[in-house]
Each structure stands twice: as structure tokens, then as C-alpha cells.
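Visitor:
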Amino acid sequence: MQILHVIQAILYSQQNDYVKALIEIEKAQNKLETGQFYENYGDILYLNNRLQESEQAWVKANELGAMIDIQRKKVFLQKKINEK
Numbered sequence: 021m022q023i024l025h026v027i028q029a030i031l032y033s034q035q036n037d038y039v040k041a042l043i044e045i046e047k048a049q050n051k052l053e054t055g056q057f058y059e060n061y062g063d064i065l066y067l068n069n070r071l072q073e074s075e076q077a078w079v080k081a082n083e084l085g086a087m088i089d090i091q092r093k094k095v096f097l098q099k100k101i102n103e104k
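Take a look at the structure:
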């Protein structure tokens, strides 16, 4: 059931509705321990201007096996914010 919250969060994020995306992904937090989850969570936190928390989520994602270049991720997401 938690995966549905993650999917909904991704869809809201793609629609630039970052507040709803954050609400949905936080419903799944603590129930999913994967690198992909924490990468998505970090993205949504960043898009909600919760920068320190986003970096912590990306570090956690890397600890769980993701291979995130955090600096590149920040540049990419900042461009997305600027295009909005």
C-alpha cells in the first residue's frame, strides 16, 4: 500500500504540486527502506525548499545502494524550480 503513496507523490511532483507530493511521500516514510524511495523523498523535499532534509535523504539513499551525485541533483532540481 505504501508504494501507492510513492507513485502518487511522483505524479504530483511531475505536475509541479510539490506540497501534495510531500504529503503523499511522507505517508510512506519509515515503511520503505530503499535507495529509490529516499532519492524520490529527497527530490520532493528539495522542491519544497527543505534543503538540509533533502540532502540527508540523498545520503541515506546512497547508504542503501543508490549512486546519487548530490551536487548534480541540486543543479538539476534548481533548473526545474526556475522553469516553473
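In my numbering, each residue's number is its place in the sequence shown (first place is 1) plus 20.
Every residue gets a Cβ at the ideal spot worked out from N, C-alpha and C, and that includes glycine.
Fair warning: this is a prediction, and the values are worked out from it, not measured in the lab.
Within the continuous alpha helix (DSSP H) that includes residue 37, where are the two ends?
Guide: Your numbering for residue 37 matches position 17 in the sequence shown. Note, residue 37: premise wrong, no alpha helix (DSSP H); not H, not E.
Visitor: DSSP state of residue 49, grouped into three classes?
Guide: As a first step, residue 49 is located in the sequence shown; it is residue number 29 there, counting from the start. Three-state DSSP puts residue 49 in coil, outside helix and strand.
Visitor: Whole angstroms is fine: what's the gap from residue 25's alpha carbon to residue 61's?
Guide: One-based indexing of the sequence shown puts residue 25 at position 5. One-based indexing of the sequence shown puts residue 61 at position 41. Approximately 11 Å between the Cα atoms of the pair.
Visitor: Who are the Cβ neighbours of residue 85 in its own chain at under 6 Å, not counting the five residues just before and after it?
Guide: For this step, residue 85 is matched to residue 65 along the sequence shown. Same-chain partners within the cutoff: 55.
Visitor: Could you say which of 22, 92, 97, 79 lies nearest to residue 63 if we only look at CA atoms?
Guide: For the purposes of this step, residue 63 is taken as residue 43 along the sequence shown, with counting starting at 1. When only C-alpha atoms are compared, the closest one is 97.
Visitor: Can you tell me whether DSSP reads residue 70 as helix, strand or coil?
Guide: The residue given as residue 70 occupies position 50 in the sequence shown. Looking at residue 70 - three-state DSSP - the assignment turns out to be coil, as it is neither helix nor strand.
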